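Here is the structure:
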C-alpha cells in the first residue's frame, strides 16, 4: 500500500502520460490526483484514461484519485493564420464576433456577452498577458483595440479582461454533459474553472445531486477578479479551492 500524504501532487494526464505504464510510474513517483482536462479531447478518450487509472490502482493497491476539470466560461480567440500574427506596439486591430481567419486587421472572439459587458479603456490580455491591448471602441459585434506591447497572437489562446464582470452563463451545454459524465463515472473531484460566485458551485452540486453523486467534491478554480472578490462566499459552499496562478496572475 502506498503511503497517504497530506500534501497532494496533481498531474494532468495527457497524450504523453495516458498509458498504463506511465500512470504506474507517476503513481509510484508520488502523484496523488490525476487531472483530466475537459477543455480538450472527447469523453471517450477521458473514459479510456479513467479505466487505465483504475487498472493501475487495482494493480498497485494505490488510490490515485481522479479530478475532472471543466472547460468553464473561458474566453479564447479564434483561428489565427499561420503560426500566429505579430503585433507591434501602437498598432490597432478589430476583434469581431463573426468567425474569420485572424490576421493583422482582425481576429475573432465569439463570446457574445463580452461585447455587451466591456467598456472603452479596459485592458484586454492575450495568452496570459503576453500581448496587452487597450479597448478603444465597443459596438455590439466589434471591438477596436490598440496594442500596448509587442507580441504574437496565436490560435485559441486565452483572453483575460481584468476587472470585467462578464454575464456569460457559468455552465455551458458542454460543461453540463461533462459534469454528468464525470458523475456517472464516479470521479473523486470536479474542478470548476473560472468560478465567479457561490451560485456557480451550487449549480454543479445540483447536477451532482440529480446524478446521485453528491459525494463528489467540488473544487472552485479562482481565475479572475470576480472570483477573488467573492472568495469568502465561494469557500462556504466548496470542498476546497484551487488558485489558478496563470489566469489570476494577469
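In the numbering used here, the protein residues as written are 144 to 393.
Using N, Cα and C, we set each Cβ at its ideal position, and we do this for glycine too.
Source: prediction; values computed, not measured.
Contact defined as beta carbons within less than 8 Å: I believe residue i pairs with residue j. What is the distance between those atoms, to the nearest angstrom?
| i | j | result |
| --- | --- | --- |
| residue 300 | residue 269 | 6 Å |
| residue 266 | residue 305 | 6 Å |
| residue 242 | residue 221 | 6 Å |
| residue 296 | residue 233 | With 8 Å as the limit, residue 296 and residue 233 do not qualify as a contact, their Cβ atoms being about 15 Å apart. |
| residue 235 | residue 275 | Not a contact, Cβ separation roughly 14 Å. |
| residue 167 | residue 203 | 7 Å |
| residue 219 | residue 156 | Going by Cβ atoms, the distance from residue 219 to residue 156 rounds to 22 Å, so no, they are not a contact pair. |
| residue 164 | residue 198 | The Cβ separation is near 11 Å, so there is no contact. |
Express the C-alpha separation of residue j and residue i in angstroms, rounding to a whole number.
| i | j | result |
| --- | --- | --- |
| residue 227 | residue 317 | 27 Å |
| residue 253 | residue 201 | 44 Å |
| residue 279 | residue 231 | 17 Å |
| residue 237 | residue 308 | 21 Å |
| residue 377 | residue 193 | 28 Å |
| residue 369 | residue 205 | 38 Å |
| residue 223 | residue 355 | 43 Å |
| residue 207 | residue 158 | 18 Å |
| residue 372 | residue 255 | 24 Å |
| residue 181 | residue 249 | 29 Å |
| residue 384 | residue 391 | 13 Å |
| residue 324 | residue 310 | 26 Å |
| residue 260 | residue 152 | 37 Å |
| residue 291 | residue 277 | 7 Å |
| residue 319 | residue 229 | 37 Å |
| residue 328 | residue 312 | 25 Å |
| residue 251 | residue 264 | 20 Å |
| residue 353 | residue 187 | 22 Å |
| residue 271 | residue 298 | 14 Å |
| residue 343 | residue 374 | 12 Å |
Please return the same chain residues whose Cβ sits closer than 8 Å to the Cβ of residue i, not counting the five positions on each side in sequence.
| i | result |
| --- | --- |
| residue 351 | 322, 326, 333, 357, 359, 361 |
| residue 258 | 240, 281, 282, 283, 284, 285, 286 |
| residue 154 | 160, 169, 174, 176, 177, 178 |
For residue i, which residues from the same chain have a beta carbon less than 6 Å from its beta carbon, with the 5 sequence-adjacent residues on both sides left out?
| i | result |
| --- | --- |
| residue 336 | 213, 215, 364 |
| residue 387 | 364, 366 |
| residue 341 | 376, 377, 380 |
| residue 314 | 346 |
| residue 273 | 294 |
| residue 330 | 209, 211 |
| residue 339 | 369, 370 |
Buried or exposed: residue i, going by 16 or more other Cβ atoms within 10 Å of its Cβ?
| i | result |
| --- | --- |
| residue 366 | buried |
| residue 399 | The chain is shown from 144 up to 393; residue 399 falls before or after that span and cannot be answered. |
| residue 209 | buried |
| residue 171 | exposed |
| residue 183 | exposed |
| residue 196 | buried |
| residue 348 | buried |
| residue 262 | exposed |
| residue 185 | exposed |
Can you name, in chain order, every residue of its own chain whose Cβ lies under 7 Å from the Cβ of residue i, other than the five neighbours on each side?
| i | result |
| --- | --- |
| residue 345 | 380 |
| residue 217 | 301, 336, 337 |
| residue 382 | 360, 361, 362 |
Can you give, in chain order, each stretch of the beta strand (DSSP E) that sits fully within the segment 207-251 and has at least 3 residues?
208-212, 228-230, 235-239, 249-251
Could you tell me which whole beta strand (DSSP E) segments of length 3 or greater appear in the segment 245-317?
249-251, 266-269, 274-282, 285-290, 294-296
Give the list of continuous alpha helix (DSSP H) stretches no shorter than 4 residues that lie fully inside the segment 350-389.
368-372, 374-379
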